[in-house]
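So the structure is just underneath, and the comments pick up after that.
In UniProt numbering, the protein residues as written are 1 to 169.
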């Protein structure tokens, strides 16, 4: 969905070529698995080093087109609160998010307040008292689309005209 919304040079026949679609889905799945592994390792290091949530966000964002926002920090705080070194970690995260959504009856404001509590707790636990920074509420259009997909709001139109990334040769 995000790839389509931002016109990232998909072949025109992608919907009609099962092999091309399977190849794309496989590549995306493998990439996301690697990213999840990398993020989990970053979370582990951030716990042992007592790294602030903003600094963890900077690490996670890296050189992507995203920025560190309050939404990202709340999600990272939730993940850090549930961290476990075994394979159950992502399942725990999914279960907790499902519980929060269920208890909030899908109300985005209630979900946001619940996640904000994790951020406050995280900042108390891991941030140095002298650490002062302002985390922006919103990122760019790309990040807003990612947030909308995560929040289940993906049926809304894109926030801006599609951007394109030059095709590699």
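Built from N, CA and C at the ideal position, the CB exists for glycine as well.
Taking 8 Å as the threshold (C-beta atoms), are residue j and residue i in contact?
i, j, result
"residue 92", "residue 82", "yes"
"residue 28", "residue 20", "no"
"residue 115", "residue 74", "yes"
"residue 42", "residue 56", "yes"
"residue 85", "residue 44", "yes"
Residue i to residue j, Cα distance in whole Å?
i, j, result
"residue 58", "residue 107", "29 Å"
"residue 110", "residue 104", "5 Å"
"residue 61", "residue 17", "33 Å"
"residue 66", "residue 118", "21 Å"
"residue 63", "residue 88", "28 Å"
"residue 122", "residue 102", "23 Å"
"residue 130", "residue 112", "Confidence in residue 130 is poor, its pLDDT being 44 and thus under 50, which makes the residue's placement too unreliable to answer from."
"residue 31", "residue 120", "31 Å"
Count the other C-beta atoms from every protein chain shown that fall within 10 angstroms of the C-beta of residue i, then say buried if there are 16 or more, exposed otherwise.
i, result
"residue 33", "exposed"
"residue 12", "exposed"
"residue 78", "buried"
"residue 99", "exposed"
Whole-angstrom Cβ separation of residue i and residue j, contact assumed at under 8 Å?
i, j, result
"residue 80", "residue 47", "6 Å"
- Task: May I ask you to verify whether the stretch 41-56 touches the stretch 116-128, counting CB pairs closer than 8 Å and requiring at least 3?
- Result: yes
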